[in-house]
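Residue numbers (the working numbering): 374 to 777. In this text, a Cβ means the ideal position worked out from N, Cα and C, and glycines have one as well.
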Ligand code: LLP
């Protein structure tokens with residue numbers, strides 16, 4: 374994705390043309406970027422030959438998942454809907470892991486019927502529920518237990534999941550108890566230790582601490598885990614810099630702490646695979662001036678892209694057509710939703726804008742569309758996938774008649 378003669382292109386397609394053809398707000402993804410991210414992920418962990426299970430929650434578009442599947446990736450799902458979507462996209466159930474603290478009876482039954490690779494369980498009650506279903510079906514079910522390693526992921530507090538106060542996983546004591554419980558069970562086959570300490574992690578330190586805890590606990594329980602599922606969480610830079618997560622260090626740490634156990638490593642990446650593949654194209658509806666700033670009122674709102682309102686996340690905003698004329702007033706980019714948090718960012722020196730101009734909100738491929746809603750009874754945008762000069766409608770714009 375880049376400017377060619379001051380026009381923003383997604384691969385070989387001028388994004389202005391897309392806006393004209395499909396209207397705005399519009400999600401648009403680059404296949405080339407997706408391919409690059411997946412190949413990099415595989416290459417960066419090549420010494421581990423892991424099973425890579427794409428976290429469907431980050432982007433649950435069927436056509437995107439279909440593309441991801443072609444690279445041999447499995448799926449990490451957290452609901453029956455995501456499991457159905459992963460299977461519909463052609464992902465083999467023996468590459469699917471099911472995470473989440475509150476899987477219902479119906480969801481567990483469905484997962485067991487589909488014979489997925491692992492149900493990563495997060496409580497004793499859930500393990501017992503699985504056991505009950507397994508017994509009624511006279512089946513042995515493969516599970517993992519999610520450990521809460523009490524590790525600070527040093528990320529946004531709202532997306533941190535591995536500290537002792539967090540609802541996720543079980544603590545060390547409960548983990549050890551569950552290992553002995555499952556050893557005695559006729560219907561449960563414990564195969565995996567799983568963790569996921571948070572998202573948008575940029576440093577190796579939190580991972581290193583997490584790995585140390587896993588290492589200590591595995592040697593304590595003295596149990597052979599076929600799999601160690603390290604979850605996702607690898608961060609990307611949302612700024613226009615070249616900062617990258619240091620994969621080599623992480624791989625080294627994994628080998629150092631877990632290599633000796635000869636367990637197959639599983640990763641559940643979401644953001645690192647899809648975040649920078651997507652943009653959201655939006656049009657300026659109005660510009661409203663007050664004494665100190667100009668409100669740039671966009672046709673995309675927090676229902677289309679929730680991250681800024683929900684986490685204070687910052688996404689770069691750039692013009693679709695570059696000019697050399699800059700404004701002296703601060704631009705505050707806001708959506709049309711009736712909420713004060715419906716604000717994307719404030720930018721001091723932006724190029725001069727006028728009503729109807731088109732803008733691009735960057736890096737929205739992960740937790741962008743998947744977190745969108747019909748709030749204010751607005752229909753969801755279309756999603757377009759670009760492959761070279763090919764334009765694929767990955768999902769049609771929702772019609773108002775679908776929701777009214
Ligand atoms: N595995 C589990 C069990 C998870 O809970 C998650 C994300 C992932 C894998 C994928 O993590 P990733 O590689 O994408 O960091 N909505 C927030 C992010 C929430 C992440 C939830 N769990 C955001 O927009 O930043």
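Under the DSSP assignment, residue 763 falls in the beta strand (DSSP E) whose first and last residues are 763 to 768. Nearest in C-alpha terms to residue 567, of all of 590, 602, 655, 551, is 602. Under the DSSP assignment, residue 414 falls in the alpha helix (DSSP H) whose first and last residues are 404 to 417. Closest option to residue 674, judged by alpha-carbon separation, among 702, 640, 747, 483: 747. Contact check for residue 507 against residue 469 fails: the beta carbons are separated by 8 Å or more. Residue environment analysis places residue 711 among the exposed positions, since fewer than 16 neighbouring C-beta atoms fall within 10 angstroms of its C-beta. Shortest gap from the CB of residue 430 to any heavy atom of the ligand LLP: under 7 Å. When only Cα atoms are considered, residue 533 and residue 525 end up about 7 Å apart. Assignment of beta-bridge partners to residue 659 by DSSP yields 670. For residue 436, the enclosing alpha helix (DSSP H) covers residues 435 to 442. Rounded to the nearest angstrom, the Cβ distance from residue 654 to residue 388 is 6 Å, consistent with a contact under 8 Å.
The Cβ-Cβ distance between residue 741 and residue 400 falls below 8 Å. Relative to the non-hydrogen atoms of the ligand LLP, the Cβ of residue 533 never comes closer than 7 Å to any of them. Counting along the chain, no alpha helix (DSSP H) covers residue 377; the unbroken beta strand (DSSP E) around it starts and ends at 375 to 377.
Annotated as distal: residue 596 and residue 647, with beta-carbon spacing of 8 Å or more. Going by beta carbons, residue 689 and residue 736 fall inside the 8 Å limit.
Judged by DSSP in its simplified three-state form, residue 474 adopts coil rather than helix or strand. Here residue 514 is bridged, per DSSP, to 561.
For residue 755, there is no enclosing alpha helix (DSSP H); the enclosing beta strand (DSSP E) covers residues 755 to 760. In its chain, beyond the 5 residues on either side, 526, 528, 532, 533, 534, 535, 606 have a beta carbon closer than 7 Å to the beta carbon of residue 571.
Judged by pairs of C-beta atoms under 8 Å, the region 406 to 419 touches the region 615 to 631, as three or more such pairs exist. Per DSSP, residue 707 is one residue of the beta strand (DSSP E) stretching across 703 to 707. Sixteen is the threshold: since fewer than 16 other Cβ atoms of the shown chains lie within 10 Å of the Cβ of residue 776, the residue is exposed.
Among the bridge pairs identified by DSSP, residue 692 is matched with 732. No residue range can be given for residue 741, since it is assigned to no alpha helix (DSSP H) and is classified by DSSP as neither H nor E.
For the options 555, 626, 665, the alpha carbon positioned closest to that of residue 576 is the one of 626. Under DSSP, the beta-bridge partners assigned to residue 449 are 428, 470. Ranked by how close their Cα comes to the Cα of residue 693, the residues 680, 729, 598, 487 have 729 in first place. Each residue's CA atom was taken as its position, placing residue 453 and residue 656 some 36 Å apart. Judged by DSSP secondary structure, residue 509 falls within the alpha helix (DSSP H) whose first and last residues are 497 to 509. Apart from the 5 residues on each side of it in sequence, residue 424 sits with its Cβ closer than 7 Å to the Cβ of 447, 468, 637, 639 in its chain, given in chain order. For residue 777, the three-state secondary structure derived from DSSP is coil. Bridge partners of residue 600 according to DSSP: 565, 637.
The count of Cβ pairs closer than 8 Å, one atom from the region 432 to 448 and one from the region 751 to 768, reaches three, so the stretches are in contact.
A distance below 6 Å between beta-carbons, with the five flanking residues on each side excluded, links residue 616 to the following residues of its chain, in chain order: 610. Spanning the alpha carbons of residue 709 and residue 691 requires a straight line of approximately 19 Å.
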